[in-house]
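So the sequence lines, in the order shown, correspond to chains A and B.
Take 50 as the starting number for the first sequence in this note's numbering and just add one per residue.
Take 5 as the starting number for the second sequence in this note's numbering and just add one per residue.
The beta-carbon is built from N, C-alpha and C at its ideal position, and this holds for glycine as well.
Reading through the structure tokens given below for one structure.
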Amino acid sequence: MLPGKEGKPHRGRSHWVPGAARARSTLVHVPTDSPALLVEDLRKRYGDRDVVAGLSFSAARGELTAVLGPNGAGKTTTIECCEGLRRPDGGRIDVLGLDRSRADAAVELRHRVGVMLQEGGLPMAPRARAVLRHVARLHDRQEAAAQLLERLGLANVARTRVRHLSGGQRQRLALACAIVGEPELVFLDEPTAGLDPQARLAVWELVRALREAGTSIVLTTHLMTEAEDLADHVVVVDRGAVVAAGTPAELRGAPHVRVTVPAGTDTGGLAARLDAALASHPGLATTAEGAAVVVRGRDGADLDTAALAVVANALAASGHGAAEVALTRPTLEDAFLALTGRELRVDAA
Amino acid sequence: MSATIRRVGAQTWFETLAVLRNGEQLLLTLLLPAIALVVLATTDLAPLPEPRVDAAVGSALAMAVASSFTSQAIAVAFDRRWGVLRMLATTPLGPQGLLAGKLGAVLVVVLVQTVVLGGLGLAVRWRPAGLGAAQVVAGAVLMVLGAGVFVAFAMLVGGTLRPEAVLAIANLLFVLMVLGGGLVLPLELLPAPLDAVMAYLPPGALGEALRTLLTEGLVDVVALGVLAAWAVAGAALATRAFRWDA
Numbered sequence: 050m051l052p053g054k055e056g057k058p059h060r061g062r063s064h065w066v067p068g069a070a071r072a073r074s075t076l077v078h079v080p081t082d083s084p085a086l087l088v089e090d091l092r093k094r095y096g097d098r099d100v101v102a103g104l105s106f107s108a109a110r111g112e113l114t115a116v117l118g119p120n121g122a123g124k125t126t127t128i129e130c131c132e133g134l135r136r137p138d139g140g141r142i143d144v145l146g147l148d149r150s151r152a153d154a155a156v157e158l159r160h161r162v163g164v165m166l167q168e169g170g171l172p173m174a175p176r177a178r179a180v181l182r183h184v185a186r187l188h189d190r191q192e193a194a195a196q197l198l199e200r201l202g203l204a205n206v207a208r209t210r211v212r213h214l215s216g217g218q219r220q221r222l223a224l225a226c227a228i229v230g231e232p233e234l235v236f237l238d239e240p241t242a243g244l245d246p247q248a249r250l251a252v253w254e255l256v257r258a259l260r261e262a263g264t265s266i267v268l269t270t271h272l273m274t275e276a277e278d279l280a281d282h283v284v285v286v287d288r289g290a291v292v293a294a295g296t297p298a299e300l301r302g303a304p305h306v307r308v309t310v311p312a313g314t315d316t317g318g319l320a321a322r323l324d325a326a327l328a329s330h331p332g333l334a335t336t337a338e339g340a341a342v343v344v345r346g347r348d349g350a351d352l353d354t355a356a357l358a359v360v361a362n363a364l365a366a367s368g369h370g371a372a373e374v375a376l377t378r379p380t381l382e383d384a385f386l387a388l389t390g391r392e393l394r395v396d397a398a
Numbered sequence: 005m006s007a008t009i010r011r012v013g014a015q016t017w018f019e020t021l022a023v024l025r026n027g028e029q030l031l032l033t034l035l036l037p038a039i040a041l042v043v044l045a046t047t048d049l050a051p052l053p054e055p056r057v058d059a060a061v062g063s064a065l066a067m068a069v070a071s072s073f074t075s076q077a078i079a080v081a082f083d084r085r086w087g088v089l090r091m092l093a094t095t096p097l098g099p100q101g102l103l104a105g106k107l108g109a110v111l112v113v114v115l116v117q118t119v120v121l122g123g124l125g126l127a128v129r130w131r132p133a134g135l136g137a138a139q140v141v142a143g144a145v146l147m148v149l150g151a152g153v154f155v156a157f158a159m160l161v162g163g164t165l166r167p168e169a170v171l172a173i174a175n176l177l178f179v180l181m182v183l184g185g186g187l188v189l190p191l192e193l194l195p196a197p198l199d200a201v202m203a204y205l206p207p208g209a210l211g212e213a214l215r216t217l218l219t220e221g222l223v224d225v226v227a228l229g230v231l232a233a234w235a236v237a238g239a240a241l242a243t244r245a246f247r248w249d250a
């Protein structure tokens, strides 16, 4: 639990963004140290296909957790089980400390959890303002609708029918519907799918503002940049199970020095010679990785330009002056492809 | 007023406006029954029991109630495609509240239809002097039961098929019900044994019962039973087969 997320004033404030803890007389007492979402050994089959096969992860309160995976990895099925829209075949889901499978919890969670579906879930015929006002009324928060339209840049299309909104405007309206009830936890299923870069940035900004206000967010995405730029915690899902989880930095790995040599060079031999040349630098470890030689800091330490200079000098001293040397900061995409493999590279492309 | 009732009321209002503000839905739910009423009452294009205008009002009301089938089937099919039902089910309204709101909206629309068609009937010299409280109550029961049957089957069709298929099927069935189902034209115009069969189907039972009620003041108890049985069967089928997503 991060400090400063609890006990904020809610009713009657002029601030638009949903808060974290909302006083409710119907609230079932739960320990506040329970995570926003806990998924344990979740299983779901469609026909004879295991779409989700023993998936487990948790999402901390006040954090943005990204469920990242290629198309068909089971992200939407997982999230829809968490939203209560699908019944799992096995496993356990606790949302805000409540057992999702209990009927009384389901009623309670409809007040405290916001949902933005992948397909948006918006009726097409009514005007944008009418839709948001209606959803606000269902949450007993009529007064929030106008402000939210303003804040989400939808005020000028408030009288436009949903079917005539652009893709970005619809996504923002769907997001508005998900957060108008001031939820403690919001599920966003591929919130920027199909958007142009400007619209995507606009949605990201809104999601960041939401998170900064203390709302717990779980979003699914197949976009590395989305997970990398937004998330506090990333859960990489493939074939219905979690293959890795951690902060974006943990998943990326530390910056390292990469030595590229002409094709046909014996990288194993080069790695051994370089390792010997670097013997006076015990903090550096050299390995051959495919067609390249990689120098990493021991214990996952970050390497910097000083290390780059040391490696470059060692290469020059050992007669490899033609090698290319670069300080490399791996992206989440590198880590993702390393985790999910080549076959999925084709799928995800 | 409890919060639940307030939410169901909000959903009822939202869905009622969706019907009354949609041109195609208005055509189906109000304009076509109104045209049928005026044509049947003021011309002798089709044979009707006497008093003719009383029977015409009965036919128009039956047609109005049956339009909820086509109207709701199409609305539900597209709402499923767009995920509207699932989105609303995740709000405090919940799935049961959503269903209650939908039924509420159908009943409000039937009320609006009754008022409009009744008024139009008066304008074409319908004089409901012979109708007592018993007939009014029986008429209301018939129409509510009929609406129940048609909405249940609307959920069955709209809740299982693709929207394009629902558009075609729901419109076609409406035309068939109007032309040969006993909804608007008396079943006696049909050749035997079709007339007897149709009397046990919802449009025939509803149309005949409403015409009998308005022309003779008599309650067709068999038709009431037929409608009740179809309502139960339709609700059971729809509950089993309905899919929230398309």
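Enumerate, from N- to C-terminal direction, the unbroken alpha helix (DSSP H) stretches of 4 or more residues contained entirely within the stretch 145-229 of chain B.
Within the stretch 145-229 of chain B, the complete alpha helix (DSSP H) segments of 4 residues or longer fall at 167-184, 198-202 and 206-220, listed in chain order.
Assuming Gly139 of chain A contacts Asp90 of chain A (C-beta within less than 8 Å), just tell me the rounded distance between them.
Rounded, the Cβ-Cβ distance is 7 Å, consistent with contact.
Mind pulling the chain A residues with CB within less than 7 Å of Asn26 of chain B?
Chain-order list of chain A residues neighbouring Asn26 of chain B: Ala174, by C-beta distance under 7 Å.
Where does Arg301 of chain A fall in DSSP's three states?
Secondary structure of Arg301 of chain A (DSSP, three-state): helix.
Between the Cα of Asp351 of chain A and the Cα atoms of A:Ala384, A:Thr269, A:Arg182 and A:Pro304, which residue gives the shortest distance?
In terms of Cα proximity to Asp351 of chain A, the closest of A:Ala384, A:Thr269, A:Arg182 and A:Pro304 is A:Pro304.
My output table needs one value for Leu49 of chain B: the three-state DSSP class, helix, strand or coil.
The answer is coil: DSSP assigns Leu49 of chain B none of H, G, I, E or B.
Proximity test, Cβ basis, 8 Å: Glu168 of chain A and chain B
It does; some Cβ of chain B falls within 8 Å.
Which one of A:Leu86, A:Asp278 and A:Leu386 has the shortest CA to CA distance from Val235 of chain A?
Closest option to Val235 of chain A, Cα to Cα, is A:Leu86.
Short-range partners of chain A found in the stretch 90-101 of chain B, where Cβ spacing is below 9 Å:
If the cut-off is 9 Å between Cβ atoms, the stretch 90-101 of chain B has Arg90, Met91, Leu92, Ala93, Thr94, Thr95, Pro96, Leu97, Gly98 and Gly101 near chain A.
Using a cut-off of 7 Å between C-beta atoms, extract the partners of Arg11 of chain B located in chain A.
When 7 Å is used as the limit between beta carbons, Arg11 of chain B is near these residues of chain A: Leu187, in chain order.
Contact between the stretch 221-235 of chain A and the stretch 158-172 of chain A (3+ Cβ pairs under 8 Å):
The stretch 221-235 of chain A is in contact with the stretch 158-172 of chain A.
At the level of alpha carbons, what is the spacing between Gly287 of chain A and Thr127 of chain A?
Gly is not the amino acid found at residue 287 of chain A; the sequence shown has Asp there. Answer to the nearest angstrom: the Cα atoms are 12 Å apart.
Would a check of beta-carbon distances place Ala156 of chain B closer than 8 Å to chain A?
So no, Ala156 of chain B is outside the interface.
I'd like to know if Trp86 of chain B contacts chain A, where contact means its C-beta is closer than 8 Å to some C-beta of that chain.
Taking a beta-carbon distance threshold of 8 Å, Trp86 of chain B counts as an interface residue toward chain A.
Close beta carbons around Ala341 of chain A, own chain, < 8 Å, minus the five adjacent residues each side
Closer than 8 Å at the Cβ level, and outside the excluded window around Ala341 of chain A, lie Arg307, Val308, Thr309, Val310 and Thr316.
Three-way DSSP call (helix, strand, coil) for Trp65 of chain A in this model:
Interpretation of Trp65 of chain A is limited by its pLDDT of 42, a score under 50 that renders its predicted location unreliable; the figure taken from the coordinates is listed afterwards. Assigned with DSSP and collapsed to three states, Trp65 of chain A falls in coil, not helix or strand.
Endpoints, the beta strand (DSSP E) within which Arg345 of chain A is located
It spans Ala341 to Gly346 - the beta strand (DSSP E) in which Arg345 of chain A sits, taken as one unbroken run.
Which residues of chain A have a Cβ atom closer than 9 Å to the Cβ of Ala22 of chain B, listed in chain order?
Those within 9 Å of Ala22 of chain B in chain A are Pro172, Ala174 and Pro175.
Taking all protein chains shown into account, decide if Gln220 of chain A is buried (16 or more other Cβ within 10 angstroms of its Cβ) or exposed.
Buried: at least 16 other Cβ atoms inside 10 Å.
Among B:Leu65, B:Leu194 and B:Ala137, the one whose alpha carbon lies nearest that of Leu44 of chain B
Considering only alpha carbons, the answer is B:Leu65.
Taking Val229 of chain A as part of the alpha helix (DSSP H), name the residues at either end of that continuous run.
Neither: Val229 of chain A is in no alpha helix (DSSP H) and is coded neither H nor E.
Over what stretch of residues does the alpha helix (DSSP H) that includes Leu107 of chain B continue unbroken?
In the DSSP assignment, Leu107 of chain B falls within the unbroken alpha helix (DSSP H) covering Gly98 to Ala127.
Given a threshold of 16 other Cβ atoms within 10 Å of its Cβ, counted over all protein chains shown, does His369 of chain A qualify as buried or as exposed?
Buried, by the Cβ-count rule.
Under 8 Å between beta-carbons, which chain A residues line up against Ala7 of chain B? List them in chain order, please.
What Ala7 of chain B touches in chain A: Asp189.
Give me the chain B residues within the contact set of Glu132 of chain A, using Cβ-Cβ distance strictly less than 8 Å, ordered along the chain.
Result: Thr94.
Quick one: grab the DSSP three-state call for Ser107 of chain A.
DSSP, read as helix, strand or coil, puts Ser107 of chain A in strand.
Give the DSSP-derived three-state secondary structure of Phe246 of chain B in the structure shown.
Coil, per DSSP.
Taking 8 Å as the threshold, find out whether the stretch 80-98 of chain B comes into contact with the stretch 207-226 of chain B through three or more Cβ pairs.
Fewer than three beta-carbon pairs drawn from the stretch 80-98 of chain B and the stretch 207-226 of chain B are found closer than 8 Å, and the two stretches are therefore not classed as touching.
Alpha carbon to alpha carbon, how far is Ala70 of chain A from Arg166 of chain B?
Annotation note: pLDDT 41 at Ala70 of chain A (below 50); position unreliable, no value reported.
Tell me which residues share the same chain as Val80 of chain B and place their Cβ nearer than 7 Å to its Cβ, disregarding the 5 neighbours each side in the sequence.
Taken in chain order, the residues that qualify are Ala158, Met159, Gly162 and Gly163.
May I ask you to verify whether the stretch 166-175 of chain A touches the stretch 80-91 of chain B, counting CB pairs closer than 8 Å and requiring at least 3?
With the cut-off at 8 Å, the stretch 166-175 of chain A and the stretch 80-91 of chain B touch.
Restricting to Cα atoms, I'd like to know which of B:Ala127, B:Thr8 and B:Gly122 is closest to Leu135 of chain B.
The candidate whose alpha carbon is nearest that of Leu135 of chain B is B:Gly122.
Are Leu21 of chain B and Leu30 of chain B closer than 8 Å when you measure CB to CB?
Contact flag unset, no.
Rounded C-alpha distance that separates Ala326 of chain A from Ala372 of chain A:
The alpha-carbon atoms of Ala326 of chain A and Ala372 of chain A are separated by roughly 15 Å.
Would you check if the distance between the CB atom of Leu244 of chain A and the CB atom of Val252 of chain A is smaller than 8 Å?
It is a contact, given that the beta carbons lie within the stated cut-off.
Close beta carbons around Ala375 of chain A, own chain, < 6 Å, minus the five adjacent residues each side
In chain order, Arg307 place their CB closer than 6 Å to the CB of Ala375 of chain A, counting only its own chain and leaving out the 5 sequence neighbours on each side.
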